[in-house]
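Numbering (my numbering), first residue to last: 49 to 226.
In this text, a Cβ means the ideal position worked out from N, Cα and C, and glycines have one as well.
No experiment lies behind these values; they were computed from the predicted model shown.
Below is one structure, written out as structure tokens; comments come after it.
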Ligand code: AMP
């Protein structure tokens, strides 16, 4: 396997303008996922900062957080827990609502998915406004888990999503400035 640089990884992410709405540039990671060295290098880059962080569980946010999160969990030798959009998980859930620019959204986790005191890593593909990851962290803390940190492949730093995540440790592989 050839290890790709951060610049090479960034080059495998495709910008799709005006998706899902005018003015938004959608960061499409599917070319990166389809590239063997790109995928392997991405998972390694996401996992490395957390190797000695005492992570018990990786929590991935639907849907691209599932793809990356499960692979990072495997790399760290821990289990994986999904956080999903409302109404998707089959068991007893705990829900967290959060504000969008217009309206609200809700995410859910199985109520028995993490235990009090468990050290969890929250993982998603893109840190934009930070609303989703902040809601995930709140949900996990309500279940008694310790949020050891949050990890993202891509940070849209001009949106200052970090501000919503308080003093949680945050690691990102690729930073996209304004
Ligand atoms: P936010 O809550 O604003 O930080 O948005 C994070 C969630 O929305 C993540 O699950 C991302 O996958 C998705 N997202 C936000 N902005 C983008 C973007 N420009 N391109 C791709 N996904 C995005």
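So, for residue i: in the same chain, excluding its five sequence neighbours on each side, which residues have a beta-carbon less than 8 angstroms away from its beta-carbon?
i, result
"residue 63", "73, 74, 75, 76"
"residue 225", "205, 206"
"residue 221", "54, 57, 90, 93, 94, 200, 201, 202"
DSSP on residue i, reduced to helix/strand/coil?
i, result
"residue 165", "coil"
"residue 181", "helix"
"residue 110", "coil"
"residue 77", "coil"
"residue 222", "strand"
"residue 173", "strand"
"residue 70", "coil"
"residue 61", "coil"
"residue 88", "helix"
"residue 202", "strand"
Any heavy atom of the ligand AMP closer than 7 angstroms to the CB of residue i?
i, result
"residue 180", "yes"
"residue 173", "yes"
"residue 72", "yes"
"residue 256", "Examination of residue 256 is not possible in this model, given that the chain is present from 49 through 226 alone."
"residue 211", "no"
"residue 136", "no"
"residue 204", "yes"
"residue 177", "yes"
"residue 133", "no"
"residue 115", "no"
"residue 155", "no"
"residue 109", "yes"
Which same chain residues end up closer than 6 angstroms to residue i when comparing Cβ atoms and leaving out the 5 residues on each side of it in sequence?
i, result
"residue 175", "200, 203, 209"
"residue 61", "75, 77, 80"
Fully enclosed by the region 114-163, which beta strand (DSSP E) runs are 3 residues long or longer?
127-133, 141-147, 152-158
Is the region 86-95 touching the region 135-153, taking contact as three or more C-beta pairs under 8 angstroms?
no
Pairing CB atoms from the region 133-140 with CB atoms from the region 157-168, are three or more of them under 8 angstroms?
yes
Would the region 97-113 and the region 50-65 be scored as touching if the rule is three or more Cβ pairs under 8 angstroms?
no
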